[in-house]
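Have a look at the structure below before the remarks.
There are 2 protein chains.
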Amino acid sequence: MRFVIVTTNKGKAEEFSEIFSGYGLRFRVEYMRTPEIQSEDLGEIAGHSVMYAYKTLREPVIVEDAGLFIDALNGFPGPYSSYVYRTLGVSGILRLMDGVVDREADFLSVIAFYSPFTGLKIFEGKTEGLIAERPRGVSGFGFDPIFIPREGDGRTYAEMSVEEKNRVSHRGKAARRFAEWVKTLRDEELPPPYR
Amino acid sequence: MRFVIVTTNKGKAEEFSEIFSGYGLRFRVEYMRTPEIQSEDLGEIAGHSVMYAYKTLREPVIVEDAGLFIDALNGFPGPYSSYVYRTLGVSGILRLMDGVVDREADFLSVIAFYSPFTGLKIFEGKTEGLIAERPRGVSGFGFDPIFIPREGDGRTYAEMSVEEKNRVSHRGKAARRFAEWVKTLRDEELPPPYR
Numbered sequence: 010m011r012f013v014i015v016t017t018n019k020g021k022a023e024e025f026s027e028i029f030s031g032y033g034l035r036f037r038v039e040y041m042r043t044p045e046i047q048s049e050d051l052g053e054i055a056g057h058s059v060m061y062a063y064k065t066l067r068e069p070v071i072v073e074d075a076g077l078f079i080d081a082l083n084g085f086p087g088p089y090s091s092y093v094y095r096t097l098g099v100s101g102i103l104r105l106m107d108g109v110v111d112r113e114a115d116f117l118s119v120i121a122f123y124s125p126f127t128g129l130k131i132f133e134g135k136t137e138g139l140i141a142e143r144p145r146g147v148s149g150f151g152f153d154p155i156f157i158p159r160e161g162d163g164r165t166y167a168e169m170s171v172e173e174k175n176r177v178s179h180r181g182k183a184a185r186r187f188a189e190w191v192k193t194l195r196d197e198e199l200p201p202p203y204r
Numbered sequence: 010m011r012f013v014i015v016t017t018n019k020g021k022a023e024e025f026s027e028i029f030s031g032y033g034l035r036f037r038v039e040y041m042r043t044p045e046i047q048s049e050d051l052g053e054i055a056g057h058s059v060m061y062a063y064k065t066l067r068e069p070v071i072v073e074d075a076g077l078f079i080d081a082l083n084g085f086p087g088p089y090s091s092y093v094y095r096t097l098g099v100s101g102i103l104r105l106m107d108g109v110v111d112r113e114a115d116f117l118s119v120i121a122f123y124s125p126f127t128g129l130k131i132f133e134g135k136t137e138g139l140i141a142e143r144p145r146g147v148s149g150f151g152f153d154p155i156f157i158p159r160e161g162d163g164r165t166y167a168e169m170s171v172e173e174k175n176r177v178s179h180r181g182k183a184a185r186r187f188a189e190w191v192k193t194l195r196d197e198e199l200p201p202p203y204r
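Chains as they are written, first to last, in my numbering: chain R, 10 to 204; chain E, 10 to 204.
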């Protein structure tokens with residue numbers, strides 16, 4: 010099934026493309042803003058956004074929503090991570106975490122997919138990690154310079170290549186779950202425009 | 010015109026009631042959660058919420074959205090003030106403002122009203138002020154203990170009675186603008202259930 014990745018974030022588009030190309034999937038990226046609801050449930054946010062994107066494009070489509078949930082900050086910035094990145098930035102998070110011993114955090118990714126043949130499908134990925142004491146690295150985007158995934162070797166996301174980050178990242182996990190599911194669909198059962 | 014105030018916040022309900030009673034308006038409070046969109050425009054958020062509330066209640070209805078916009082934090086926490094209050098709290102904002110000289114902030118309130126006779130109407134109120142160095146007072150709710158309105162006498166919102174806060178507050182200003190507009194409507198032009 011051909012599908013469209015809807016995002017406004019070049020970094021996300023690059024990470025998805027690396028994974029989906031590896032699976033031989035057929036997709037394109039559409040840089041389009043979709044309205045988001047305020048919710049603490051990423052699946053609900055992405056689900057609403059993907060329905061909007063589908064109504065506009067009328068093609069099978071995915072929208073992803075992600076968030077950094079810091080234990081010591083009661084889950085902040087969570088679903089509002091991109092707003093908090095734009096206003097407080099990495100330095101604001103480090104300020105809130107200054108002297109805080111518990112540095113545990115989860116990065117969550119939720120991919121919402123919609124097509125009329127499959128209905129709405131949700132795929133999740135979660136990576137546990139720690140908030141670094143200071144930013145390290147220049148790759149990726151957002152809070153990547155201060156997130157050290159537990160499954161890694163102590164480097165932050167921003168110190169990894171796209172391929173390395175995808176191997177351990179929340180988004181990589183959600184993307185592989187989606188890709189594996191897409192591979193199970195039988196193209197011959199779809200109407201021609203969607204094959 | 011009779012109308013419904015939709016909120017989940019007892020403090021807001023109390024402030025609105027104090028003002029609207031003074032104008033002799035006929036209203037009731039409905040404690041109901043409405044979905045909110047993610048936007049940096051309070052009018053857009055309140056406008057969407059009020060349409061949802063109207064579809065549920067089928068009565069003339071107001072929904073208010075408010076936010077604290079701190080200059081030195083690029084407008085943070087803005088439209089996400091209630092989420093930030095629940096996660097970081099007053100102490101998180103004070104931490105972000107520790108040692109920050111520019112303490113200017115605006116509190117904004119946007120009331121969205123909808124009835125089929127009037128369509129969607131938006132009323133705004135804005136109060137300029139300063140972020141206190143430490144919390145003072147126990148009245149009100151949210152970030153009231155650290156907001157010192159410029160029009161006041163140096164006390165925070167949380168050191169004021171409901172009446173005192175309403176006189177200078179963002180919400181009081183929006184509510185009076187709405188109340189004055191409601192008074193201009195001619196009840197005899199409305200169908201009986203809405204008079």
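All C-beta atoms, glycine included, are put in the ideal place defined by N, C-alpha and C.
Judged by DSSP secondary structure, V171(E) falls within the alpha helix (DSSP H) whose first and last residues are 171 to 177. Here the alpha carbons of K135(E) and R11(E) stand approximately 26 Å from one another.
Note on the region 105 to 138 of chain R: whole beta strand (DSSP E) runs with a minimum of 3 residues are 113 to 124, in chain order.
Rounded to the nearest whole angstrom, the C-alpha separation of K182(E) and E133(E) is 7 Å. Neighbours of E45(R) in chain E, taken as residues at a C-beta separation under 9 Å, are given in chain order as I46, Q47, S48. Contacts between R35(E) and chain R, judged by CB atoms closer than 7 Å, are missing: the closest CB pair is about 31 Å apart. For Y89(R), the chain E residues whose Cβ falls inside 7 Å of its Cβ are Y89, Y92, in order along the chain. For R145(E), not one C-beta of chain R is nearer than 8 Å to its own C-beta. Rounded to whole angstroms, the separation of the alpha carbons of K64(R) and R104(E) is 43 Å. Collapsing the DSSP output to three states places A75(E) in a strand.
Beta-bridge analysis with DSSP links V99(R) to no other residue. From the beta-carbon of R104(R), the residues of chain E found nearer than 7 Å are R104, L105. Residue-level contact by beta carbon fails for L51(E) and chain R, as no gap is shorter than 8 Å. Cβ-Cβ separation between A167(E) and G138(E): approximately 12 Å, too far for a contact (criterion under 8 Å). Collapsing the DSSP output to three states places R164(R) in coil.
DSSP, reduced to helix, strand and coil, places E23(R) within a helical segment of the structure shown. Along the region 65 to 85 of chain E, going in chain order, the ones with a CB nearer than 7 Å to a CB of chain R are L82, N83, G84, F85. Residues G149, F150 of the same chain have their beta carbon placed closer than 7 Å to that of G20(E), with the five preceding and five following residues left out of the count.
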